[in-house]
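Line by line, the protein sequences give chains A and B. With my numbering applied, the first sequence corresponds to residues 1 to 234, in that order. With my numbering applied, the second sequence corresponds to residues 1 to 418, in that order.
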Amino acid sequence: MWIQVKQALDQSTMKFLTGTARLLPGIVALIVALVISIFLAWILAFLVRRILAGFHFDEKLRVWGFSAIAEWSPMESPTHLISRTVACLVIVTGLLIGVSAIDAESTSLLVRNVFDYIPNVLGALLVMLVGAVVARYLARSVLIGAVNMNFQYSRLLSAGVKWLVIVLAVAMALEHLKIGPGIVELAFGILFGGIVLALALAVGLNSRELVSKSLERDTNKTQTETFEEPFRHL
Amino acid sequence: MEVDAVSQQTQEKVEQTLSADLIVGIVADIKEDATGGLFDSLRALPGSPRIAVLKNARPADSAAPKPPTGEKDPLLSVIPWPQQEVAAVGEPVRSISSAYQSAFAVSQKLGARACCVITSTLEAPAWDWICQLVRPLIEDDFDLVAAYYARRKFEGLLNSSIIYPVTRCLYGKRIHNPLGPDLGVSVKLFQRLLDSNGNSRAGASSMHLLSSIAPIALCGNFKVAQVHLPARSYAPIDWMNISSFVVQALGPIFLDMERYAACWQKTRGSLPIHEFEQPIPISQEEKAELDVGRMVESFRLANRDLREIWGVVLPPATQFELGKLSRLAPDQFCMPDELWARIIYDFALAHRLQTINRDHLLKSMTPLYLAWVASYARELETAGAANVEQRFERLSLAYEASKPYLISRWRWPDRFNP
């Protein structure tokens, strides 16, 4: 009885050690791939940073009207954002190569799936980037326009427009990433509708006086048609 | 560029008119029965030049207007000139610029020695305007003759508060209406303008032409004069569109600042230019009902809500001054000239650096402009015409005194931030 237990234990230990020995080259390969990719990532990031700095990329981006990107970047520098993105991509590629070296059969499917998913991630990132830039531009346009029209709730309107665009962009990005598409659609509908309703209520309830004054002013204007501002600007 | 700038109908008529010494472009509407007086006035010009009048023709007018005389006049021909109406509520600067571009193109085609464009509303006593603007071009070989309109207290405020003092301070010549809109230009100058405009980007060219006339003339050492004329008549202004006027008028001026930086950085102080005719006194103006409170309120609102934008344009000291200003009561509201001049320079610099979108930048300036108007109106509510001139002279001197500030910030925008 004791001999049989010992045999079983020996067999399982042997099995485990054999399995581990079979895995070991793969793990070493993963570590080597990771180390090489980190080293490559560091060199590439350095090169990209130098090239973009020489090109005055941050200033050029600001001149081209993408100043909003700087606010979303590490150290407020789009150059750093790009160099770090390149580094991350190289490290992730190295990691995937290393993982596929462990067990070619089971991991190749995972790697293929990950690579298939990359276009979705890139698409989602692009949607978010464009959404952020558009949100900021529209928010500023609304803010300045509303202030020039003497509107008391300019900031509220501007924030409302900004978040509407951002929510729309996030919903589109999540849809692109195929993360809970049904839930995202429903949540987006509720959130978007909620923001519009909140804005309508806020503006409607608070501007009753404004509307009545405006109507009153229009009435007075028609009564005194000859009234003209004394100032001429051009 | 000539073909694009001139319409088909005008092109055909230009082909028939072989040549002309003088081109007179009239953008404003003139009644058909009143053209006789205008043509007689033009025929009286010294040296009997051959004149081609570009007369504004509405699209509805199918037949080309003819000179009132029954037979064909060898010295005067009329060319129909379809133009968009120069409406104050639309895009006045852009439409006047395109009228100038078209008139210069026709002048070039006909080999004219001078070109004069009139956009102000013409009334019978004003026929002499055209001759007064043209005479220095023909008789005294001046290259640019600008109108110096008699100044009413509350008219042309954007020109008096920004355009004139900035032009005077930058280029060192006291040209009172650098944007016209009624100007006489010699062949030398309009050739230069067409050349430099052809080199610039096609989309922006029509926008920049009007604002480029004075800087090119002043930096190119062209002979410049101005003629005293009566006050202009203005179309009513839509208050909701002030920000678009600010964008249209100041955008090209700030762009020219960038273009001619090498020229204006060498200039110090300012000199008067040659003037023709005598200043025309303005009759006592009626006491107008001023609504300064609304403008002050607009400024206060902007000071609260536009801090994020002004914060990237204006240095902390200026923002602090604006904060203090916003706490003043309307009857004590007063914006110092030095502060106003520095604000304009800061916005010009931000426009150059494109700190934020240029359209946003200029539109965000509107409440500051209204604050200046409020301060000015409160100060001069009861003042006479002489005080108005003195007031604007003081303002111009403040601009000149602040020029070293502009030069420092322009040269070292990151290092010099008081």
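By construction, the Cβ of each residue, glycine as well, lies at the ideal position given by its N, Cα and C atoms. In this text, all values refer to a predicted model and were calculated from it rather than measured experimentally.
Less than 8 Å between the beta carbons of residue i and residue j, yes or no?
i	j	result
Asp182 of chain B	Ile118 of chain B	yes
Val142 of chain A	Val165 of chain A	no
Ile213 of chain B	Leu193 of chain B	yes
Cys116 of chain B	Val24 of chain B	yes
Ala341 of chain B	Ala398 of chain B	yes
Pro413 of chain B	Leu353 of chain B	yes
Pro252 of chain B	Ser211 of chain B	yes
Thr79 of chain A	Phe57 of chain A	yes
Ala231 of chain B	Tyr164 of chain B	no
Leu370 of chain B	Met295 of chain B	yes
Pro49 of chain B	Ile130 of chain B	no
Ile356 of chain B	Leu314 of chain B	no
Ser19 of chain B	Gly111 of chain B	yes
Val48 of chain A	Ile69 of chain A	no
Ala173 of chain A	Val130 of chain A	no
Gly220 of chain B	Glu400 of chain B	no
Val134 of chain B	Leu54 of chain B	no
Phe151 of chain A	Val167 of chain A	no
Pro136 of chain B	Phe276 of chain B	yes
Ala99 of chain B	Ser77 of chain B	no
Ser154 of chain A	Asp359 of chain B	no
Ala249 of chain B	Leu322 of chain B	no
Asp140 of chain B	Lys188 of chain B	no
Ser37 of chain A	Leu95 of chain A	yes
Gln101 of chain B	Leu209 of chain B	yes
Taking DSSP as the reference, what is the three-state secondary structure of residue i?
i	result
Ala329 of chain B	coil
Val145 of chain B	strand
Cys334 of chain B	coil
Trp2 of chain A	helix
Glu59 of chain A	helix
Pro402 of chain B	Residue 402 of chain B is actually Ser in this sequence, not Pro. Looking at Ser402 of chain B - three-state DSSP - the assignment turns out to be coil, as it is neither helix nor strand.
Lys55 of chain B	strand
Pro413 of chain B	coil
Ser270 of chain B	coil
Glu155 of chain B	coil
Val27 of chain B	coil
Ala124 of chain A	helix
Ser12 of chain A	helix
Gln226 of chain B	strand
Ile356 of chain B	coil
Phe115 of chain A	helix
Ala231 of chain B	coil
Leu39 of chain A	Reading the sequence as shown, one finds Phe at residue 39 of chain A and not Leu. Looking at Phe39 of chain A - three-state DSSP - the assignment turns out to be helix.
Glu277 of chain B	coil
Ser77 of chain B	strand
Leu45 of chain B	coil
Ile242 of chain B	helix
Leu137 of chain B	helix
If we define contact as Cβ-Cβ less than 8 Å, is residue i a contact residue for chain A?
i	result
Thr267 of chain B	no
Ala302 of chain B	yes
Ser77 of chain B	no
Glu258 of chain B	no
Asn357 of chain B	yes
Gly203 of chain B	Confidence at Gly203 of chain B is low in this model, with a pLDDT of 47, below 50, so its placement is unreliable and the value that follows should be read with caution. No, Gly203 of chain B does not count as interfacial toward chain A.
Leu306 of chain B	yes
Ser95 of chain B	no
Ser243 of chain B	yes
Ser298 of chain B	yes
His360 of chain B	yes
Lys173 of chain B	no
Lys324 of chain B	no
Measuring only between beta-carbons, confirm whether residue i sits less than 8 Å from chain B.
i	result
Ile144 of chain A	yes
Ser77 of chain A	no
Ser154 of chain A	yes
Tyr137 of chain A	yes
Ser141 of chain A	yes
Anything in chain C within Cβ reach of residue i, meaning under 7 Å, just list it in chain order.
i	result
Thr366 of chain B	Chain labels in this structure do not include chain C; the protein chains are A and B.
Please give the ranges of any beta strand (DSSP E) in the segment 159-224 of chain B, keeping only runs that are unbroken, at least 3 residues long and fully inside the region.
183-186
Determine, using beta-carbon pairs with one atom in the segment 143-161 of chain A and one in the segment 300-313 of chain B, whether at least three such pairs fall under 8 Å.
yes
Should the segment 189-205 of chain A be regarded as contacting the segment 146-160 of chain A, the criterion being three or more beta carbon pairs within less than 8 Å?
yes
Do three or more CB pairs link the segment 371-388 of chain B to the segment 151-166 of chain B at distances below 8 Å?
yes
What are the start and end residues of each continuous beta strand (DSSP E) run of 3 or more residues lying completely inside the segment 78-110 of chain A, in chain order?
none
Scan the segment 294-323 of chain B and note each continuous alpha helix (DSSP H) run of 4 residues or more that stays entirely inside, going in chain order.
307-313
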